[in-house]
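My numbering puts the first residue of the sequence shown at 10, with every later residue one more than the last.
Below you'll find the structure, written out as structure tokens, and then a few comments.
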Amino acid sequence: MKFKDLTNPMRRNFPFLVASLFFLSLLSISFYYISYKRGQWEKDIRANLLEILIGKKSKLEKALSSRIYYTKGLAAYVSVNPDLSTSDFDQLAKELIKQDSIISSMSIAPNCIISAIYPYEGHEEAVGLDLLAHPARREIVEQTIKTQRTFVAGPVELVEGGIAFISYTPIFNKLPESNGSFWGMTDIVIYKDELLKEASFHTTENGFNYALKGQDGQGHAGDVFWGDEAVFAQNPVTISVDLPDGEWILGASPQTGWNSYLDQDKTLSILLIISSIIISFLFWLVIRSQQQIRTNANELKAIFNSMRNLIVEFDQDGNYIKIAPTNTDLLIKPEHELLGENVTDVLETVVAQQFLSAISQCIQTRKLIIIEYPLVINDKNFWFTGRLSYKKGGTVILSAYDITEKKQDEEKLRQSTEKLKQLNATKDKFFSIIAHDLRSPLASFQSILELLHTDYDSISNDSKKQLIKAIHESSSHLNNLLENLLEWSLSQKNELQFNLQKHNIYNLAEEALKAMQPGSIKKSISISNQISQQTFALCDQRATHTILRNLVSNALKFTKQGGKITVNSHQKQINNRTYWIISIKDSGIGIPSNKLLQLFQLDAQNSTAGTNDEKGSGLGLILCQELVEKQHGSIWIESEEGQGTTVSFSLPAFI
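Structural data, given as structure tokens:
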């Protein structure tokens, strides 16, 4: 009786079964990868779109805030000048608005009845209008009085034509006898289309639709007032545009919808499926081939291990026995000069010892040993990977191949990674510096308002006008700083641009000291500009002004009431070049010697409260150091605790 042999069919079908399982595994991995990439792609697109929205939000907030500041400045002035005449209002409004084409009109309304409007031409009928008589306006006015915040209403259609936002700001009488009673309102009419145009808003851009919602600052609950309202029905990327009271919602979504926009991975799906089929077929061929040659696996293993660029046989002492005619260009010497030689006579000492150790280990363990080693061939540097296999008779076979290109790629990758780390560190440092630099104009703005609020009666009219002008200048400077930050974020470049030209340091110092005047008045500190009026340096105007302002601000911060600050200059020859040395000397509290060396370290926490508990970020000196060095100068500090501080920096003289 004969039994049917089941082993042969099983053997024949085994490669097919394994290949089928392998194909299903590859297919599952492919679909998972496609799903993962699709999700990552959508996240990346949404993240990039969010960055675009952040840039647009910043532009719109900057454009809107710069106009709202007009009403806030006017409200601050009227609160301490409640008897403001119409002519004074016209002059003040004209100075604030100037040639701003985005502003339609500006008015004041004592007891909510409009008494004056600028420009008067074209708006005559508005004079005498009772804001509380209109139901919609009444609700807005009552809300602004209750919250004591500026309220941006609209957009609304204007009688004279056009669509605009109306910014209402309540005014409260700040005179002592009034006890902060409600005085009235001031409002400013801002053209909607012109405002959005200045902020570079387009309803369609780069394949995306954009829209704004939040009528009257109601955020998500408000109506769409710009763009296609369908944007908010398509799972948009959104960001809030902050208003003084309320918010708008800026949304964006692909013109063709997310599904069609993301449905670009079909080619990848097809390629992965085809690749899975091909790889599975090749896998089947490999398994079948392995099955066919299994009986010869041991003999073929030594051959496969030696099928490399360079094949050499060594004895146990490291002598060259045989050299296969594979790639003799990679030999350190001609073949006839190597045969019979020892590695210690041919290779450098370190590499020779590495070879001898690997040969000994291979013979002892009879296992494959892999080494990497460098060689200099024909005055060129090479790197090799060597695979040493044991051969009967106490010899080893070296199979070596050139990995120089791989090593070079690894080095390039290392350098690229290091450069990326440096770029990221510079970016973080730049953001920190910009955030620090924004604080100074805001502090100056607050100091001026506080001075007007507390010492109004003791300040002359001329001084009041100068302080109000300083408010305007501080807000303008703040806008410039915000613009710099926005340009940097949009350009994605980690570079500070410098325009080195001839500048009068005396004039720059005067501007910086003028900006610090409220702080010096508050602490009764005298500041003396003793810089020669003929001090001309090759420098960047903005950077040098920032340096002076930060250093004087630090001096004010650490100088007690009634102290003294002196700014002076002198020339000095450094490395055969003429420099101006600018010094800011104060009579303040000084700096402990153990902290002097840490002041210019970014990773050190150097923020210290001032004599009046003034706050700082600790980045001012680091910012000054970077700006000075970018202008080919240097900065240093001389200080003794309790004896004051002198901070000096050098700038190339303009000759």
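For each residue, glycine too, the CB sits at the ideal point set by N, CA and C.
Report the option in the options whose CA atom is closest to the CA atom of residue i.
i      : options                        : result
SER541 : LEU522, HIS554, ASN516         : ASN516
GLY327 : LEU339, LYS206, PHE23, GLN362  : GLN362
SER453 : GLN526, LYS389, LEU69          : GLN526
CYS371 : GLU519, THR353, ILE406, ILE77  : ILE406
ILE63  : GLY653, VAL89, VAL250          : VAL250
SER602 : THR575, LYS389, VAL233, THR654 : THR654
LEU26  : ARG297, LEU458, SER124         : ARG297
GLU207 : LYS68, ASP471, GLY137          : LYS68
THR575 : ASP549, GLN607, ILE477, SER535 : SER535
PRO164 : ARG146, LEU184, GLY189, LYS201 : LYS201
ILE600 : LEU630, GLN652, THR553         : GLN652
GLN506 : GLN640, LEU73, ALA84, GLU130   : GLN640
PRO343 : ASP324, LEU365, ASN387, SER369 : ASN387
SER456 : PHE292, SER562, ILE598         : SER562
SER176 : ILE283, TYR129, ARG76          : ARG76
Terminal residues of the continuous alpha helix (DSSP H) containing residue i?
i      : result
VAL359 : 358-374
GLU519 : 514-524
LEU221 : Segment 217-222 is the beta strand (DSSP E) holding LEU221; no alpha helix (DSSP H) there.
ARG147 : 144-156
LEU105 : 95-106
GLU346 : 344-347
VAL385 : Taken as a continuous stretch (DSSP letters only), VAL385 belongs to no alpha helix (DSSP H), being part of the beta strand (DSSP E) at 378-386.
VAL352 : 352-355
Between the C-alpha atoms of residue i and residue j, what's the straight-line distance to the nearest angstrom?
i      : j      : result
THR426 : GLU214 : 34 angstroms
PHE313 : ALA333 : Residue placement at PHE313 is poorly supported in this model, since its pLDDT is 43, which falls under 50; the coordinates still yield a value, given next. So the alpha carbons of these two residues sit roughly 14 angstroms apart.
LYS401 : VAL385 : 31 angstroms
GLU381 : GLY395 : 6 angstroms
GLN373 : THR353 : 21 angstroms
PHE663 : ILE530 : 34 angstroms
LEU476 : ASP549 : 27 angstroms
THR80  : HIS579 : 45 angstroms
GLY349 : GLU322 : 11 angstroms
VAL161 : TYR78  : 12 angstroms
SER498 : PRO245 : Note that SER498 has pLDDT 45, beneath the 50 cutoff, so the model's placement of it is unreliable and no number is given.
GLY571 : SER484 : 29 angstroms
GLY216 : LYS71  : 26 angstroms
LEU140 : ALA261 : 36 angstroms
GLU419 : LYS430 : 16 angstroms
GLU256 : GLY226 : 5 angstroms
GLU649 : GLN607 : 15 angstroms
SER659 : ILE112 : 45 angstroms
THR544 : LEU451 : 30 angstroms
THR553 : SER592 : 13 angstroms
ILE480 : SER467 : 19 angstroms
ILE590 : LYS474 : 35 angstroms
ILE172 : TRP235 : 11 angstroms
Just to confirm, is the Cβ distance from residue i to residue j under 9 angstroms?
i      : j      : result
TRP392 : LYS421 : no
TYR329 : VAL355 : yes
LYS566 : SER596 : no
VAL150 : PHE174 : no
LEU632 : ASN585 : no
PRO91  : TRP192 : yes
TYR588 : LYS581 : yes
SER110 : ILE126 : no
LEU35  : LEU204 : no
GLN243 : GLY228 : no
ALA399 : LYS428 : Note that residue 399 corresponds to Tyr in the displayed sequence, not to Ala. Result no, Cβ atoms of TYR399 and LYS428 do not sit closer than 9 angstroms.
Roughly how far, in whole angstroms, is the beta-carbon of residue i from the beta-carbon of residue j, given that I think they are within contact range, below 8 angstroms?
i      : j      : result
PRO661 : ALA546 : 6 angstroms
ASN577 : GLN634 : Going by Cβ atoms, the distance from ASN577 to GLN634 rounds to 20 angstroms, so no, they are not a contact pair.
LEU461 : VAL89  : 6 angstroms
LYS222 : PHE241 : 6 angstroms
PRO253 : THR159 : 4 angstroms
ILE180 : ALA84  : 5 angstroms
LEU138 : ILE123 : 5 angstroms
By the DSSP assignment, the beta strand (DSSP E) with residue i in it spans what residues?
i      : result
SER114 : 112-119
HIS554 : Run containing HIS554: none in the beta strand (DSSP E); it sits in the alpha helix (DSSP H), 550-566.
THR655 : 654-661
HIS211 : From DSSP, HIS211 is part of no beta strand (DSSP E); its letter is neither H nor E.
PRO331 : The residue asked about is misnamed: residue 331 is Lys in this sequence, not Pro. Note, LYS331: beta strand (DSSP E), 329-332.
VAL321 : 319-324
SER389 : Per the sequence shown, residue 389 should be read as Lys rather than Ser. Element bounds for LYS389: 389-400.
LEU605 : Looking at the DSSP string, LEU605 is not in any beta strand (DSSP E); the run it does join, the alpha helix (DSSP H), is 602-605.
LYS1   : The structure shown does not extend to residue 1, since the chain is modelled only from 10 through 664, so no value can be given for it.
Beta-carbon of residue i versus every beta-carbon of chain D: anything under 9 angstroms?
i     : result
THR95 : Annotation note: the requested chain D is absent from the structure, which comprises a single protein chain.
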